[in-house]
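>
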Amino acid sequence: MTAGIGGEVSRGDALVDEVALMERVADEQMDAFEALYRLYHPKLTRFLTGMTHRPALVEEILDDTMLVVWRRAHTFDPEAKVSTWIFGIAYRQALKALRQSGDSVAAAELDDAPMPSPEPAPDLELQQRDLRAMLDGAMRALSAEQRATIELTYYLGYACREIAIIMDCPVDTVKTRMFYARRRLRALLGAGREEAM
Amino acid sequence: MKILRFEGSAHSETERLLPWYVNRTLDDAEQARVDRHLAQCAQCQREVEFLRGVQSVVSEPSTEADATASFVRLRNRLKPARVPSSPARTRGAWSDWPAWLRGAVAASCVLTVGLFGIALYRGDPPAMYRTLGDAPAAGTVADADLRHLIVVFDPHIEHARMQQLLRASQARIVDGPNEAGAYVLAVPAAREASVRDALRAAAGVTLVESLDAGGQRQ
Chain A
55 MTAGIGGEVS
65 RGDALVDEVA
75 LMERVADEQM
85 DAFEALYRLY
95 HPKLTRFLTG
105 MTHRPALVEE
115 ILDDTMLVVW
125 RRAHTFDPEA
135 KVSTWIFGIA
145 YRQALKALRQ
155 SGDSVAAAEL
165 DDAPMPSPEP
175 APDLELQQRD
185 LRAMLDGAMR
195 ALSAEQRATI
205 ELTYYLGYAC
215 REIAIIMDCP
225 VDTVKTRMFY
235 ARRRLRALLG
245 AGREEAM
Chain B
27 MKILRFEGSA
37 HSETERLLPW
47 YVNRTLDDAE
57 QARVDRHLAQ
67 CAQCQREVEF
77 LRGVQSVVSE
87 PSTEADATAS
97 FVRLRNRLKP
107 ARVPSSPART
117 RGAWSDWPAW
127 LRGAVAASCV
137 LTVGLFGIAL
147 YRGDPPAMYR
157 TLGDAPAAGT
167 VADADLRHLI
177 VVFDPHIEHA
187 RMQQLLRASQ
197 ARIVDGPNEA
207 GAYVLAVPAA
217 REASVRDALR
227 AAAGVTLVES
237 LDAGGQRQ
């Protein structure tokens, strides 16, 4: 399943007009809501798992997200992109759930030290399997906001300005979160490589 | 978190675009700028390789779980919880609100009607104090062009975000917050319904209700 232009998503050979689907959901058509739910269930599950790293919370957050989609479908702007609207809701619901669980969602205040030099580049010397294991561990050290930025960029393939819409923040804030996330990942992966040697 | 302003050298400006260069979502001008810079910057070339490694791991597809059971469970929660747009649904949504919220709104309405009624009965002069449940103050109560909404914001909402919502609504705070964090907003009568709906749809807003006794409650 891949995102497309104009609110269309390809699923198998079928093109799904998401905006039309939303209009039917706003009209309380349960079959349309089920279709939308099935369309987004895998992506939301993956995004929420990656963002929260709290598997026990994911199902509840996903349910709350789709509940809001159902209740607010009539407020959806058909000029907007359905996926950014839904992921924006999911992002806010995840932050809310994490805060209620006592988790910190933002990164601790960091200094303004420059990005560590990419030399030597630890990733170049890692096999894909090792990189996966180390990256998974390193991602846990990031904040929920930083993990969300990475998931939205590399799992869901959003542009920076679309992530700003989802997170309801300026584009520079997205770039800042990504900047600190990259710096942290580099430091952790570098340390992991040295430990492995 | 301190927000970094990505201005300055061509290197630092371009370097911040690399995550989205790698996922191919830059616009044409940005893409061309990064391509030009990459041709002459070994550090950014290595950063691109690093980010491609991150992308290759993060973009791996995950196992799709069967959504049927979870959809059935969610469906059972749906209809009673939908935001009302008809009187029948109003009752359903009202009954789903937390007890404290129902109490707060009900108390506001009772107080509004009660105070208004007492004032009419006794012919009292306008009160010198107001509560969130009061009818609009003297000077505005006669202004038929204004309506009042009671609004509860999310406790975590940022002040700037609240100001943005108020400006967009052309609304002004005339009272509050009370202990429950509720404000009374004055809005042009013609925009009451649209402002109410927009606020209900906005992130960071927990509750919006029409406060005027004669107002349209939905």
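Note that the protein sequences, when read in sequence, are chains A and B.
To convert, take the position in the first sequence, counting from 1, and add 54; that gives our numbering.
To convert, take the position in the second sequence, counting from 1, and add 26; that gives our numbering.
Note that the Cβ used here is the ideal one computed from N, Cα and C, for glycine as well.
Can you confirm whether A/LEU116, when its beta carbon is compared against all beta carbons of chain B, has any partner nearer than 9 Å?
Yes, A/LEU116 counts as interfacial toward chain B.
> Are the CB atoms of A/VAL228 and A/THR203 nearer to each other than 9 Å?
The answer is yes: Cβ separation under 9 Å.
> Taking only three categories from DSSP, how would you classify A/TYR212?
Three-state result, A/TYR212: coil.
> Which word fits A/GLU114, buried or exposed, when buried means at least 16 other C-beta atoms lie within 10 angstroms of its C-beta?
Looking at its Cβ environment, which holds fewer than 16 other Cβ atoms inside 10 Å, A/GLU114 is exposed.
> Going along the segment 95 to 113 of chain A in order, which residues come within less than 7 Å of chain B, judged by CB to CB distance?
Flagged, chain order: HIS95, PRO96, THR99, ARG100 and GLU113.
> Kindly confirm or deny that the segment 51 to 67 of chain B and the segment 217 to 224 of chain A touch, where touching means at least three C-beta pairs closer than 8 Å.
Touching, no.
> Using the beta-carbon of each residue, which ones in chain A are nearer than 9 Å to B/HIS182?
Under the 9 Å cutoff, chain A gives LEU149, LYS150 and ARG153.
> Please go through the same chain and pick out, in chain order, the residues whose beta-carbon is closer than 8 Å to the beta-carbon of A/ALA218, but skip the five residues on each side of it.
PRO224, VAL225, THR227 and VAL228.
> Along chain B, in chain order, which residues have C-beta atoms closer than 9 Å to that of A/ALA213?
Within 9 Å Cβ-Cβ: TRP46, ASN49, THR51, LEU52 and ASP53.
> Is the CB of A/GLU254 under 9 Å away from at least one CB in chain B?
What the structure shows of chain A is the stretch from 55 to 251, and residue 254 of chain A is not part of that stretch, so it cannot be assessed.
> Between B/GLU56 and the rest of its own chain, which residues show a CB-CB distance below 6 Å, the 5 nearest in sequence each way excluded?
Here the set comprises LEU43.
> Less than 8 Å between the CB atoms is what I'm expecting for B/ARG173 and B/SER220, so what's the real figure, rounded?
B/ARG173 to B/SER220, Cβ: 11 Å. No contact.
> In angstroms with no decimal places, state the Cα-to-Cα distance between A/LEU206 and A/TYR212.
Near 6 Å, if we compare the C-alpha coordinates of A/TYR212 and A/LEU206.
> Any beta-carbon of chain B closer than 9 Å to the one on A/ALA241?
A/ALA241 does not count as touching chain B.
> Provide the residue span of the alpha helix (DSSP H) that contains A/PHE87, from first to last.
Element bounds for A/PHE87: 84 to 106.
> Quick check: what's the CA-CA separation for B/THR232 versus B/CYS67?
Rounded to whole angstroms, B/THR232 to B/CYS67 spans 50 Å at the Cα level.
> Shorter than 9 Å from the beta carbon of B/ALA93 to some beta carbon of chain A?
It does: the Cβ of B/ALA93 has a partner Cβ on chain A nearer than 9 Å.
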